[in-house]
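Taken in sequence, the protein lines are chains P and G.
The opening position of the first sequence corresponds to residue 1 in full-length UniProt numbering, with each subsequent residue numbered one higher.
The opening position of the second sequence corresponds to residue 1 in full-length UniProt numbering, with each subsequent residue numbered one higher.
Ideal Cβ placement from N, Cα and C applies to all residues, glycine included.
What follows is a set of notes on a single structure, which appears directly below.
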Amino acid sequence: MNLDINVTENSEKYLVHLSGEIDAYTSQKLKDTLLPLTKKKGYTLVVDLEQVNYMDSTGLGVFISVLKATKEAESSMTLINLKERVRKLFKITGLDQIININLDERGVND
Amino acid sequence: METIKLDLKHYKELLKSYIETQDEKSLYGAEQISKSFIKNNILPEEIVNLHIQSIIELYPDLNKEIRHAMNFLLETMISYGLAHQEYQTLREKQLELKSEISIAANMQETLLATTIPNVEDLDIGVISVPAHQMNGDYHHLVKSNDGLIGIAVADVIGKGIPAALCMSMIKYSMESFPDQSMKPKAILESLNRVVERNVEAGMFITMFYALYNPTDSKLQYASAGHEPGFYYYAEQDTYNEIDAKGLVLGVSPDTNYNQYELQLHQGDMVILLTDGVTECRNNGKFIEREEVIEVIKKYAHLPAQETVNQVYKHFERLQNFQLKDDFTLIILRKNV
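Next up, the structure:
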């Protein structure tokens with residue numbers, strides 16, 4: 001299984017659409033794409049997970065790294081449209097307490 | 001050298017027979033001879049050389065253009081020979097690495113070994129099986145001087161060697177705590193600081209820690225983002241998720257953990273696990289947590305150790321005996 005990553009930029013906002021699975025094989029690619037997008041102060045990184053059906057703990061690791069990077073650069077990150085199974089992972093690990101997760105936002109039309 | 005000479009004679013005969021008859025038998029002979037070449041490490045250019053000599057001996061009048069062409073072929077084979085030798089060296093190196101990893105895995109097993117403490121009113125069953133050679137799951141059972149039982153289950157992100165190294169760190173930190181009857185909350189808070197300081201960003205560990213007091217049958221526990229376990233309430237014959245919230249270890253240095261408490265009664269069970277159990281896939285489809293409970297129910301009448309063994313066997317079968325993730329399951333059952 002693969003992971004497709006599509007990035008668009010729109011007024012101080014990067015919108016990242018993911019499609020596929022986030023696991024040990026795809027997470028490095030995801031990290032390499034997301035980390036550079038955290039560098040601009042004041043920017044928001046919005047990650048749309050609607051097309052992500054599976055994620056394992058290495059995926060959580062990527063989002064922790066990215067979160068730490070946004071704090072350093074004074075940018076921010078929001079995850080949107082999480083599938084139930086993926087959302088549960090953030091909940092069990094307590095990461096939903098420190099990562100912005102917006103369940104209602106429809107990223108594309110915003 | 002003797003066998004190769006024999007092969008030369010043999011090769012020549014086979015070649016002659018094939019040229020004259022083109023029969024299957026000599027082709028089969030060629031296949032056998034090439035296997036023996038590989039076994040004896042004969043390089044491609046040596047085989048071409050053997051071919052040239054055979055053909056010259058068989059047909060001394062061979063025209064000189066063909067001879068030159070054959071020598072040309074010999075030359076082009078030399079790089080293949082080098083590649084083959086390289087392949088041999090890599091194979092040896094790989095075997096070496098494999099044996100080094102297996103030594104490390106043995107060391108880890110010794111290092112992280114835990115003995116199940118003898119507790120009068122508790123039947124304890126434990127199984128932990130790595131998916132690859134080294135285990136990224138960790139469990140630890142300890143009896144303190146005042147008779148309290150500490151139980152830890154942890155899972156580190158990722159698998160294999162980095163995960164295993166990380167677990168050794170956890171084990172040492174836990175052993176360095178002066179008081180083995182420390183509260184679960186305090187244990188997780190100290191470990192969190194150690195992990196946060198010592199792992200790279202993006203690495204984390206989940207842990208469930210429980211402390212059982214045999215004198216009042218109370219189980220205190222706290223969770224650092226660990227896969228929730230189950231509690232079997234014997235009187236009602238119900239299985240419930242053990243509710244405990246808390247952030248994974250290693251992300252934020254001053255995390256506070258909530259501590260919870262359960263009163264155990266006769267026949268009650270506490271079931272602790274790692275996500276290697278719940279992340280099992282059956283033909284690509286994930287099994288649900290309810291299915292895990294169903295399987296445990298099926299074997300719950302057995303002694304705790306037998307129960308965990310049978311549950312493991314069930315999931316091992318389900319995944320065609322190839323674990324995708326490290327698998328750890330602990331069952332504590334109150335006897336009296």
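Measuring CA to CA, which of Ala105/G, Leu62/G, Val129/G and Ser99/G is closest to Gln322/G? Start at 1 with the first residue of the second sequence, and residue 322/G comes out as number 322. Ranking the options by Cα distance to Gln322/G, first place goes to Val129/G.
Outcome for Gly94/P when other beta-carbon atoms lying within 10 angstroms are tallied against a minimum of 16: The residue you call residue 94/P lines up with position 94 of the first sequence. Burial call: buried.
Going by C-alpha to C-alpha distance, which of Pro117/G, Met77/G and Met134/G sits closest to Ala105/G? Here residue 105/G is taken as the residue at index 105 of the second sequence, counted from 1. Here the closest residue by C-alpha is Met134/G.
So what does DSSP say about Gly150/G, is it helix, strand or coil? The sequence position of residue 150/G within the second sequence is 150, counting from 1. Three-state result, Gly150/G: strand.
Alpha carbon of Asn309/G to alpha carbon of Ala152/G, nearest angstrom: Locating residue 309/G in the second sequence gives position 309, counting from the first residue. Locating residue 152/G in the second sequence gives position 152, counting from the first residue. Their Cα atoms are separated by approximately 19 angstroms.
How should Met107/G be labelled, buried or exposed, when 16 other C-beta atoms within 10 angstroms of its C-beta is the threshold for buried? On the second sequence, position 107 is the one that residue 107/G refers to. Flag for Met107/G reads exposed.
Does Ala83/G pass the burial test, meaning 16 or more other C-beta atoms within 10 Å, or should it be called exposed? Counted from its first residue, the second sequence places residue 83/G at position 83. With fewer than 16 other Cβ atoms within 10 Å, it is exposed.
Where does the unbroken alpha helix (DSSP H) through Asn71/G begin, and where does it stop? Stepping through the second sequence from its first residue, residue 71/G is reached at position 71. From DSSP, the alpha helix (DSSP H) with Asn71/G extends over Lys64 to Leu111.
For Glu2/G, decide whether its Cβ has a neighbour in chain P, counting only Cβ atoms nearer than 9 angstroms. In the second sequence, counting from the first residue as 1, residue 2/G sits at position 2. Reliability fails at Glu2/G, whose pLDDT of 49 lies under 50, so the model's placement of it is uncertain and no value is given.
Please classify Tyr25/P as buried or exposed, where buried requires at least 16 other C-beta atoms within 10 Å of its C-beta. Along the first sequence, one-based indexing puts residue 25/P at 25. That one is exposed.
Contact check, Tyr299/G vs Ile127/G, beta carbons under 9 angstroms: Within the second sequence, the letter at position 299 stands for residue 299/G. Within the second sequence, the letter at position 127 stands for residue 127/G. No, the pair does not count as a contact, with Cβ atoms beyond the cut-off.
Rounded C-alpha distance that separates Gln259/G from Leu122/G: The residue labelled residue 259/G in the question sits at position 259 within the second sequence. The residue labelled residue 122/G in the question sits at position 122 within the second sequence. Near 22 angstroms, if we compare the C-alpha coordinates of Leu122/G and Gln259/G.
Could you check whether the stretch 68-76 of chain P touches the stretch 209-219 of chain G, counting it as contact only if at least three pairs of C-beta atoms, one from each stretch, sit closer than 8 angstroms? no
Tell me whether the beta-carbon of residue 339/G lies closer than 9 angstroms to the beta-carbon of Ile170/G. What the structure shows of chain G is the stretch from 1 to 336, and residue 339/G is not part of that stretch, so it cannot be assessed.
What three-state label does DSSP hand Phe327/G in the structure shown? Within the second sequence, the letter at position 327 stands for residue 327/G. Three-state result, Phe327/G: strand.
Check each residue of the stretch 75-100 of chain P: if its Cβ is closer than 8 angstroms to any Cβ of chain G, include it; give the result in chain order. Arg85, Ile92, Thr93, Gly94, Leu95, Gln97 and Ile98
Assuming Thr33/P and Ile64/P form a contact by the criterion Cβ under 8 angstroms, report the distance between their Cβ atoms to the nearest whole angstrom. Numbered from its first residue, the first sequence carries residue 33/P at position 33. Numbered from its first residue, the first sequence carries residue 64/P at position 64. With a Cβ gap of about 16 angstroms, Thr33/P and Ile64/P do not count as contacting.
Three-state secondary structure (DSSP) of Leu15/P: Within the first sequence, numbered from 1, the residue matching residue 15/P stands at position 15. Here Leu15/P sits in strand by DSSP.
In terms of residues, what are the limits of the beta strand (DSSP E) holding Val295/G? Position 295 of the second sequence, counted from the first residue, corresponds to residue 295/G. Taken as a continuous stretch (DSSP letters only), Val295/G belongs to no beta strand (DSSP E), being part of the alpha helix (DSSP H) at Arg289 to Tyr299.
For a test of the three-state rule: what should DSSP assign to Glu45/G, helix, strand or coil? Taking the first residue of the second sequence as 1, we reach residue 45/G at position 45. Helix at Glu45/G.
3-residue-minimum beta strand (DSSP E) runs that sit fully inside the UniProt domain "STAS" (3-110) of chain P, ordered along the chain: 3-9, 13-22, 44-55, 76-80 and 100-102
Residues that Lys29/P contacts on chain G, provided the C-beta gap is smaller than 9 angstroms: For this step, residue 29/P is matched to residue 29 along the first sequence. What Lys29/P touches in chain G: nothing, since even the nearest Cβ is about 14 angstroms away.
Are the Cβ atoms of Gln305/G and Ile149/G separated by less than 9 angstroms? Residue 305/G sits at position 305 when you count from the first residue of the second sequence. Residue 149/G sits at position 149 when you count from the first residue of the second sequence. Not closer than 9 angstroms, so no.
Between the CA atoms of Pro162/G and Val62/P - distance to the nearest angstrom: Indexing the first sequence from 1 puts residue 62/P at position 62. Indexing the second sequence from 1 puts residue 162/G at position 162. The alpha-carbon atoms of Val62/P and Pro162/G are separated by roughly 16 angstroms.
Closest Cβ-Cβ distance between Thr230/G and chain P: below 9 angstroms? Your numbering for residue 230/G matches position 230 in the second sequence. First, the residue type needs correcting, since residue 230/G is Phe and not Thr in the sequence shown. Chain P contact via Cβ: absent.
Considering only residues of the same chain and omitting the five flanking positions on each side of Phe37/G, which have a CB-CB separation below 7 angstroms? Walking along the second sequence from the start, residue 37/G turns up at place 37. Contacts found: Ile47.
Less than 9 angstroms between CB atoms is the rule here; does residue 117/P satisfy it with respect to chain G? The requested residue 117/P is not part of the displayed model; chain P covers only 1 to 110.
Counting Cβ pairs closer than 8 angstroms, one from the stretch 83-98 of chain P and one from the stretch 9-25 of chain G, do we hit at least three? no
Tell me whether Val251/G is buried or exposed, calling it buried when 16 or more other Cβ atoms sit within 10 Å of its Cβ. As a working mapping, residue 251/G is identified with position 251 in the second sequence. Buried is the call here.
Of the choices Gln85/G, Val336/G, Gly229/G and Ile293/G, whose alpha-carbon is the least far from that of Leu264/G? The residue given as residue 264/G occupies position 264 in the second sequence. That would be Val336/G, whose Cα lies nearest to the Cα of Leu264/G.
If you drop the 5 nearest sequence neighbours on each side, which residues of the same chain put their C-beta closer than 7 angstroms to that of Glu45/G? Here residue 45/G corresponds to residue number 45 of the second sequence, with the count starting at 1. Correct list, in chain order: Leu74, Met77, Ile78 and Gly81.
Straight-line gap, Tyr231/G to His132/G (C-alpha atoms, nearest Å): Against the second sequence, residue 231/G aligns to sequence position 231. Against the second sequence, residue 132/G aligns to sequence position 132. Using only the alpha carbons, I get a separation of about 30 angstroms.
What does a CB cutoff of less than 6 angstroms around Tyr18/G pick up in its chain, not counting 5 residues either side in sequence? Taking the first residue of the second sequence as 1, we reach residue 18/G at position 18. Ser26.
Can you name the start and end residues of the alpha helix (DSSP H) that Gln220/G belongs to? On the second sequence, residue 220/G is found 220 positions in, with the first residue counted as 1. It is not in any alpha helix (DSSP H) - Gln220/G instead sits in the beta strand (DSSP E) that spans Lys218 to Ala224.
Applying the 10 Å Cβ sphere with the 16-neighbour rule, what's the burial state of Arg91/G? In the second sequence, counting from the first residue as 1, residue 91/G sits at position 91. So Arg91/G ends up on the exposed side.
Of all the CB atoms in chain G, is at least one closer than 9 angstroms to the CB of Ile5/P? Counted from its first residue, the first sequence places residue 5/P at position 5. Judged by the 9 angstroms Cβ criterion, Ile5/P is not in contact with chain G.
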